[in-house]
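**Student:** Dumping the structure here so I can ask a few things about it.
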Amino acid sequence: MDRPLVPPTALSVSSAGLQHRPSVPRRFDRTVRALTDAMIGQRQATPERCETVERVSEFLLMAHAKMPDYLRMAFRILTLLFDASSYPFKGKPFHRLGLAERIAHIKVWESSRLQFRRALMTYYRTMAVFGLYSELYGQDYEWSGGHE
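So the sequence shown is residues 69 to 216, counted in this note's numbering.
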């Protein structure tokens with residue numbers, strides 16, 4: 069019997085028209101939001117940054133929710149491992165670090181000898197930048213006759 073990946077009642081549409089994904093552990097959400105903030109913080113220093121970070125974070129969380137089960141679990145585990153990896157050095161999880169400390173921690177993972185660390189950061193950076201530019205230029209894309 070085929071079952072839908074997301075039950076119809078698990079999704080709702082906000083006033084902005086965005087769909088919200090089903091509940092995911094809060095620690096995972098916080099880590100993705102902290103990653104997004106650190107990655108966008110390097111590219112966008114404007115007053116609207118908080119709203120943009122929130123929208124891009126939702127984009128990343130929705131992309132995660134749409135992954136096949138075997139990828140979704142792997143990304144969740146690796147993301148939570150990333151969050152916990154700052155404990156030995158800073159005494160707190162990644163999502164509780166300050167912006168400068170988060171940026172430094174991301175750079176450590178991006179330059180790691182371990183390929184899975186670099187790959188995870190590449191995934192999040194690519195998706196965050198894609199989400200950011202889609203957010204910033206989406207209106208221009210629609211205006212220019214782009215396809216949805």
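In this text, a Cβ means the ideal position worked out from N, Cα and C, and glycines have one as well. Just so we're clear, the structure is a prediction, and the values are computed from it rather than from any experiment.
#1: Please state whether DSSP places GLY166 in a helix, a strand or coil.
#2: Note down, in chain order, each residue of its chain lying with its Cβ closer than 7 angstroms to the Cβ of GLU203, except the 5 sequence neighbours on either side.
#3: Need the endpoints of the alpha helix (DSSP H) that SER125 sits in, please.
#4: Please classify PRO136: does DSSP put it in a helix, a strand, or coil?
#5: THR147 and PHE103 - do their beta-carbons sit closer together than 9 angstroms?
#6: Quick check: what's the CA-CA separation for GLY166 versus PHE96?
**Tutor:** So, from the listed chains and residues:
#1: Sequence index remark: in the sequence shown, residue 166 carries index 98 (1-based). If DSSP states are grouped into helix, strand and coil, GLY166 belongs with coil.
#2: Within the sequence shown, residue 203 is the residue found at index 135, counting from 1. Apart from sequence neighbours up to five positions away, the residues of its chain that approach GLU203 with a beta-carbon distance below 7 angstroms are THR120, ARG123 and VAL124, ordered along the chain.
#3: In the sequence shown, counting from the first residue as 1, residue 125 sits at position 57. That run of the alpha helix (DSSP H) goes 117 to 133.
#4: What you label residue 136 is simply residue 68 of the sequence shown in a count that begins at 1. In the structure shown, PRO136 sits in coil (DSSP, three-state: anything other than H, G, I, E or B).
#5: Here the question's residue 103 lines up with position 35 in the sequence shown. Here the question's residue 147 lines up with position 79 in the sequence shown. For the sequence presented, residue 103 should be read as Leu rather than Phe. Yes. Within cutoff.
#6: The count along the sequence shown starts at 1 and reaches residue 166 at position 98. The count along the sequence shown starts at 1 and reaches residue 96 at position 28. If I take the Cα positions, the gap works out to 17 angstroms.
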